Every structure is written in structure tokens, then in C-alpha cells.
Amino acid sequence: MENTKKIALLEEMLDVDAGTLTPEMQLEEISEWDSMAKLSLIVLMDDECEKKLTGADIKQFKTIQDIMDFMDA
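At position 20 of the sequence shown (counting the first as 1) the number is 255 in the working numbering, and the numbers step up by one without a gap.
As C-alpha cells, then:
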């Protein structure tokens, strides 16, 4: 999956404007990164990437790039 598609999926999931997210953004600096976003990310990974994501995995994510890397793993 291309990085632009990954970013677009994450922006849609977080309900932020297109072009808002960059790979180097820290998740803690994104106000929309909350418990609902984390649950939505689990569903996104299952639906779009056919990957199982755990709470432990999510705790390891620090940046948007970390999530994007997991999408490819």
C-alpha cells in the first residue's frame, strides 16, 4: 500500500482534514488520538490490512510512521 493511501486512511479514521498528518508527527501531539481512535485503528488494521493489532502493539506506536510501518509488516 502506498504511503499516501495509508495517510489518507489514518486521516479519515481520525476525522482530520486531508493533508493534516505527516509521517513524523508524534501521536501524543494529535488531539484526536484517544481511546476511540485506538479502537478504530484496530478495526482499520483488520479491515484494510488484514492484520491483528493488540493494545500492546498500539502502546509501541509513537509516530504516524510507526503505524504506517506496521501496516506493511
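Where a beta carbon is used, it is the ideal one built from N, C-alpha and C, also for glycine.
The model shown is predicted, which means the values in this text are computed figures rather than measured ones.
Specify whether the segment 280-288 and the segment 252-272 touch according to this definition: at least 3 beta carbon pairs, one from each stretch, less than 8 Å apart. no
Could you name the residues of the same chain whose beta carbon sits closer than 8 Å to that of M248, not counting the 5 residues immediately before and after it, in chain order? As a position in the sequence shown, residue 248 is number 13, starting the count at 1. Answer for M248: A272, S275, L276, L279, listed in chain order.
Quick check: L244 and T298, are their CB atoms within less than 8 Å of each other? Here the question's residue 244 lines up with position 9 in the sequence shown. Here the question's residue 298 lines up with position 63 in the sequence shown. Going by C-beta atoms, L244 is not nearer than 8 Å to T298.
Tell me which same chain residues have a C-beta within less than 6 Å of the C-beta of I302, skipping the five on either side of it? Indexing the sequence shown from 1 puts residue 302 at position 67. Contacts found: F296.
Keeping to the same chain, check which residues put their C-beta closer than 8 Å to that of D219; ignore five residues upstream and five downstream. Nothing about residue 219 can be read from this structure; the chain reaches only from 236 to 308.
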